[in-house]
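Have a look at the structure below, then the notes.
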Amino acid sequence: MAEIKSVIGTQNKKGQTYTDPWKLLHEAPRTPSFFTGSEVIKEAIRRASCDVMIAYPITPQSEAAALIGELFAEGYVGDYFRGESEFAVMSQCAGASFGGARVFTTTAGPGTMRAMENFPMWAGARLPIQMIVTCRGINSPLSIQPDTLEIAYLLNTGMLVWHAETAQDFFDWILKGYIVSEEPDVHLPLALCCDGFFVTHTKDVVNLTPTDMCLPPYDPYRSPVPCMDMECPPVRMMRDPFVMKSNYISYATHASWQQEIWAAVERSRKHTIHWLNGLIDTENTDADIVIVASGTAVSQGREAIRMLEDEGVRCGLVKVKALRPWPEEEIREATKNAKHIFVPEFNVTGWLAKEIRASIPNPHRVHAGPHVCGGMTMPPEIIVSEIKTALGMKTFSLAGRGS
Amino acid sequence: MSDYRVLPGPEHFLPPAAASMGISLPNPGEAHINGVITSEDKAYEEAARQFLMAKVPTIFPGPLVLWAWNEKAAKKATAVRHLFNTLKECVQPGQKPMLIPMPDYRPKYPKINPEVEINPNHPNLTIWHNKIDCCMFIGVHCHQANLSLKIIRGGTSCYTIAMCAQAGHEDAMLSFRDASVEKIMKLADTVKRLKGTVQPRLSAKNGASN
Chain A
3 MAEIKSVIGT QNKKGQTYTD PWKLLHEAPR TPSFFTGSEV IKEAIRRASC
53 DVMIAYPITP QSEAAALIGE LFAEGYVGDY FRGESEFAVM SQCAGASFGG
103 ARVFTTTAGP GTMRAMENFP MWAGARLPIQ MIVTCRGINS PLSIQPDTLE
153 IAYLLNTGML VWHAETAQDF FDWILKGYIV SEEPDVHLPL ALCCDGFFVT
203 HTKDVVNLTP TDMCLPPYDP YRSPVPCMDM ECPPVRMMRD PFVMKSNYIS
253 YATHASWQQE IWAAVERSRK HTIHWLNGLI DTENTDADIV IVASGTAVSQ
303 GREAIRMLED EGVRCGLVKV KALRPWPEEE IREATKNAKH IFVPEFNVTG
353 WLAKEIRASI PNPHRVHAGP HVCGGMTMPP EIIVSEIKTA LGMKTFSLAG
403 RGS
Chain B
202 MSDYRVLPGP EHFLPPAAAS MGISLPNPGE AHINGVITSE DKAYEEAARQ
252 FLMAKVPTIF PGPLVLWAWN EKAAKKATAV RHLFNTLKEC VQPGQKPMLI
302 PMPDYRPKYP KINPEVEINP NHPNLTIWHN KIDCCMFIGV HCHQANLSLK
352 IIRGGTSCYT IAMCAQAGHE DAMLSFRDAS VEKIMKLADT VKRLKGTVQP
402 RLSAKNGASN
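Residue numbers (the numbering used here), protein chains in the order written: chain A, 3 to 405; chain B, 202 to 411.
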């Protein structure tokens, strides 16, 4: 810590002042700005003291990746280049991170899936890379539209996984994400997810910190594994590794290594609660009906709650901010009074509802829906309709006009 | 707060990481004993007591203090040597303090020489061979320290202490955090102060050979 404190108050080559992260995010003046989510990603990275960004085009993150190229041209990012594919990009991110750099990248949908082999490798190697995932459809036939199914695949990689609702979340969480994931007891990669297009391509008012203040640089010497040691694991993975031996010691070592990754996810809980002000946000959780959601489904749920109030139905809301670490106790507490728990999601499988069912007593209270996917929007009316149907109230079909 | 306690083993064929059992790391200025957050002063007393009780109290210095890669590391190494010399001065006949390095983390086959080193991938070989019943990790990268501490807890009854330069280790039975030259020297001073007040367990069966 002494090394980090020593740079606070000094300036980088762009004249930005390295600022205590808590002061930067909680005390520095904010300027309201009207930006798309992609532009907000650029503005956060401008203040993130990033050493390396590696890009590959895939909708809907291409714009953000291109905008960070502009930051590189302006001198705010140390190095920037395009990889040969998403798999190559994530491998190159690992190389840069192994070398002690603060690394950033963005991907989406099939890109996430193509690069998947790298994510448990990042976590296993304790590389605190930050990856923005602007979620979109992943299955054939092709869809570039919003769909959060890819998050389900990230949940068991050992990465931290956060799900932003708004562009403001994005701005703050990109900066906070580096602080949490670079803690020496955590030191894990972060997948910071959002719903593609809904967040990346719509404009919103976002309160930005001053451009002349930035995060302190990454200190690789606080890493829990040696930096750039070519002889020892995790860099040395394939020459005489213990994973290639068939004996109890080798298996026990590898098992313990895996346990340590998930222990680090657990340790991130304390830091995530500190920086995100809790793993969840709650409103009116004393109500009989509670909506639990993540991403932009939270916004739709909030509007549905307003519409239900007009009809005299009181409803609470839980916004799940962090998916890894998973807020099991928080959700159990927030839903303890609920007779009905609705989980609206932008994916076909309902992975969030499954996680919630596994976390709470009386899981039959969970209504896994409404679901939309493949790029469909989720009008708040269908959440209202789902809730009213479950309560035995009269509702009407939203599917068409009838004959 | 978790009911789980981080105790000497042998605990299990594959024991859990203490963090996954709800054990949290201490905040700055604190330490933990058996997974319970405590004051640093109490931890100094308990660490010194465990050292003086042990038949083979051992310090395992890792690469971060073995190599003089910066001035701070060199000073810490000197402090570690001072702690070891203090231990030798303070133990009773029959006790055998040891200083065994963990020079690197390479998997070594067919096996390491447990007389001269400890390796994080199979630390129990060194614990068993030397009948070590109390050890302290210092200067070991956190990931490798946790790996070793958990494996030791799984297969031996050795009492483990971590003098960690970062956030501490839940997988040790006792852990300091933000280790510095001053903290190592304070532990040495505590050992010296408790000299002669702690009964070594020389007659007990050495459980570390499990």
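C-beta atoms are modelled at their ideal positions from N, C-alpha and C, and glycine is treated no differently.
Source: prediction; values computed, not measured.
Below 7 Å between beta carbons is the criterion; list the residues of the region 256-270 of chain A that meet it against any residue of chain B, in chain order.
Result list: A257, S258, W259, Q261, E262, W264, A265, E268, R269.
Of the residues that make up the region 206-237 of chain A, which ones have a beta carbon closer than 7 Å to any beta carbon in chain B?
Answer in chain order: R224, P226, V227, P228, E233, C234, P235.
Where do the ends of the alpha helix (DSSP H) carrying A:F74 lie?
The residue given as residue 74 of chain A occupies position 72 in the first sequence. Start and end: 64-76.
Give a yes or no on whether 8 Å exceeds the smallest Cβ distance from A:I60 to chain B.
Residue mapping note: residue 60 of chain A aligns to position 58 of the first sequence, counting from 1. False, the Cβ-Cβ gap to chain B never drops below 8 Å.
For the region 84-103 of chain A against the region 128-135 of chain A, do three or more pairs of beta-carbon atoms, one drawn from each stretch, fall closer than 8 Å, so that the two count as touching?
Contact between the region 84-103 of chain A and the region 128-135 of chain A is present, because at least three Cβ pairs lie under 8 Å.
Less than 8 Å between the C-beta atoms of B:Y306 and B:Q345, yes or no?
Counting from 1 along the second sequence, the entry for residue 306 of chain B is found at position 105. Counting from 1 along the second sequence, the entry for residue 345 of chain B is found at position 144. It is a contact, given that the beta carbons lie within the stated cut-off.
Within-8 Å CB hit, B:P401 to chain A
Locating residue 401 of chain B in the second sequence gives position 200, counting from the first residue. Closer than 8 Å to the CB of B:P401 there is not a single CB belonging to chain A.
Please identify, using Cβ separations under 7 Å, the residues of the region 356-372 of chain B that lie next to chain A, in order along the chain.
Using a CB distance below 7 Å, the part of the region 356-372 of chain B facing chain A consists of Q367, A368, ordered along the chain.
Span of the alpha helix (DSSP H) around A:M115
Taking the first residue of the first sequence as position 1, residue 115 of chain A is located at position 113. For A:M115, the enclosing alpha helix (DSSP H) has its first and last residue at 111-116.
Partner residues on chain B for A:D420, Cβ-Cβ distance less than 8 Å:
Nothing about residue 420 of chain A can be read from this structure; chain A reaches only from 3 to 405.
The region 360-390 of chain A: positions lying closer than 7 Å to chain B by Cβ
Of all residues in the region 360-390 of chain A, none places a beta-carbon less than 7 Å from a beta-carbon of chain B.
8 Å Cβ cutoff, B:L348 in contact with chain A
Translated into the one-based positions of the second sequence, residue 348 of chain B becomes position 147. Put simply, the CB of B:L348 is near chain A, with a gap under 8 Å to one of its CB atoms.
Return the first residue and the last residue of the beta strand (DSSP E) that B:I224 is part of.
Within the second sequence, residue 224 of chain B is the residue found at index 23, counting from 1. DSSP places B:I224 in no beta strand (DSSP E); its state is neither H nor E.
Looking at A:I146: is its Cβ nearer than 8 Å to the Cβ of A:P62?
The residue labelled residue 146 of chain A in the question sits at position 144 within the first sequence. The residue labelled residue 62 of chain A in the question sits at position 60 within the first sequence. In contact: A:I146 and A:P62 (Cβ atoms closer than 8 Å).
Quick one: residues in its chain with C-beta nearer than 7 Å to the C-beta of B:I353, no 5 flanking neighbours on either side, listed in chain order?
Counting from one through the second sequence, the residue named residue 353 of chain B turns up at place 152. In chain order, P324, N325, I328, C359, T361 place their CB closer than 7 Å to the CB of B:I353, counting only its own chain and leaving out the 5 sequence neighbours on each side.
Buried versus exposed, by CB contacts within 10 Å (16 or more), A:D290:
Position 288 of the first sequence holds residue 290 of chain A. With fewer than 16 other Cβ atoms within 10 Å, it is exposed.
Test: A:K321 CB closer than 8 Å to a CB of chain B
Sequence index remark: in the first sequence, residue 321 of chain A carries index 319 (1-based). Not closer than 8 Å to any Cβ of chain B, the Cβ of A:K321 fails to qualify, so no.
Neighbour-count burial assignment, A:R49, 16 or more Cβ in a 10 Å radius
Residue mapping note: residue 49 of chain A aligns to position 47 of the first sequence, counting from 1. A:R49 comes out buried.
Starting from A:K178, find everything on chain B with Cβ-Cβ shorter than 9 Å and list it in chain order.
Numbered from 1 along the first sequence, position 176 holds the residue referred to as residue 178 of chain A. Neighbours of A:K178 across chain B, judged by C-beta separation under 9 Å, do not exist; the nearest C-beta is about 18 Å away.
What's the C-alpha gap between B:G408 and A:A169?
Numbered from 1 along the second sequence, position 207 holds the residue referred to as residue 408 of chain B. Numbered from 1 along the first sequence, position 167 holds the residue referred to as residue 169 of chain A. With a pLDDT of only 46 at B:G408, under 50, the local geometry of the prediction cannot be trusted, and the value read off the model is given with reservation. Taking the CA atoms as reference points, B:G408 sits about 58 Å from A:A169.
Distance cutoff 8 Å, beta carbons only. Does B:L215 sit that close to anything in chain A?
In the second sequence, the residue the question calls residue 215 of chain B occupies position 14. So, interface residue.
Report yes if the C-beta distance between A:Y82 and A:G71 is below 8 Å; otherwise report no.
As a working mapping, residue 82 of chain A is identified with position 80 in the first sequence. As a working mapping, residue 71 of chain A is identified with position 69 in the first sequence. Contact flag set, yes.
Locate the beta strand (DSSP E) running through A:Q94, then write down its first and last residues.
By 1-based counting over the first sequence, the position of residue 94 of chain A is 92. Element bounds for A:Q94: not the beta strand (DSSP E) but the alpha helix (DSSP H), 88-100.
Between which two residues does the alpha helix (DSSP H) holding A:P365 run?
Within the first sequence, the letter at position 363 stands for residue 365 of chain A. No alpha helix (DSSP H) holds A:P365; DSSP gives it neither H nor E.
Give me the residue from B:K277, B:V266, B:F285 with the minimum Cα distance to B:M303.
The sequence position of residue 303 of chain B within the second sequence is 102, counting from 1. Of B:K277, B:V266, B:F285, the residue nearest in Cα terms is B:V266.
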